[in-house]
Amino acid sequence: SINHTSSQAVSNASTPASKPLPPLVHMVQKGQKTPLENSGKLTSIKACLGWNVKNPACDVDVSAFLLNNTGKVIGDSWFVFYGQETSPDGSTAFWAGQEENHEIISVDFNRLNPAVSRIVFVLTINEALEKHLNFSMLRDAYIKITDTSDTELVSFKMDEYYSNVTSMMIGEVYRHNGIWKFNAIGNGVTRDLAGLCELYGVQVI
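Position 77, counted from 1, in the sequence shown is what our numbering calls 66; the numbers after and before it change by one each time, with no gaps.
The following block contains the structure:
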């Protein structure tokens, strides 16, 4: 039993400390679509994304792709991430969170190019393909959409983590009949950020 105790201690030590989840009030299930606007127009939102890792080698990045009705970007620079922090129209911006494992993308609908009808929020594991990392090594991944006063409009917490997924489309906001809605996607692919760019029509040099 002494050996068992010591091995248990070692395994605990190698697991990164978990960051508690923020309150998620208006949670939806995977595949659920919900309006963000009920009365009055929504001028801007913040998408707050967070996660915990089971494997400390997992370095997770957040990005957002600004798409038209065909599901493609409206131009090669129309996605935001740590290497390109603002969209060309100035509407969509990437912010590193105050804490580790937490990042924010803000969207100003008043400045958003009218050709953009969908914004997909994606989590990718950096160098996942090279380092054999995947989403089964993550947990507690969530997206929370708030208004400018930080009031939660909707949230989605993932409960499916697949070993064949290296990039996760966690959710999207999209315009439907003039109203912005949220879709809890929760589906992933075996692609890296460059592969996602290809998927969404970005010409990567």
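All residues carry an ideal CB built from backbone N, CA and C; glycine is no exception.
- Residue burial annotation: Gly79 is exposed, with fewer than 16 other C-beta atoms found within 10 angstroms of its C-beta.
- Under DSSP, Ala82 forms a beta bridge with Thr75, Ser95.
- If only uninterrupted alpha helix (DSSP H) runs of at least 4 residues are considered, none is enclosed by the region 150 to 178.
- Judged by DSSP in its simplified three-state form, Gly39 adopts strand.
- Taking each of His165, Ser156, Ala85 in turn and checking the Cα distance to Val178, the smallest one comes out for Ser156.
- Secondary-structure assignment with DSSP links Ser144 through a beta bridge to Met16, Lys133.
- For Tyr151, the number of other beta carbons within 10 angstroms of its own is below 16, and it is reported as exposed.
- In this structure, DSSP gives Leu118 a helical state, which the three-state scheme calls helix.
- Annotation for Leu31: no alpha helix (DSSP H) segment contains it, and DSSP assigns it neither H nor E.
- Asn57 is a Cβ neighbour of Ala104, given a cutoff of 7 Å.
- DSSP places Ser125 in the helix class (H, G or I) of the three-state scheme.
- The beta carbon of Asn172 lies closer than 7 Å to those of Lys22, Gly160, Glu161, Tyr163 in the same chain, with the five residues before and after it left out.
- The three-state reading of DSSP puts Ala104 in coil, since its state is none of H, G, I, E or B.
- Counting along the chain, Leu185 sits inside the alpha helix (DSSP H) bounded by residues 182 to 188.
- Straight across, the Cα-Cα distance linking Gln192 with Met126 is about 30 Å.
- Thr137 is classed as exposed because its beta carbon has fewer than 16 other beta carbons within 10 Å across all chains shown.
- With a cutoff of 7 Å on beta-carbon distance, Ile114 and Cys47 are scored as near each other.
- DSSP places Asp48 outside any beta strand (DSSP E), giving it a letter other than H or E.
- When DSSP reads this structure, Lys22 sits in a beta bridge with Asn172.
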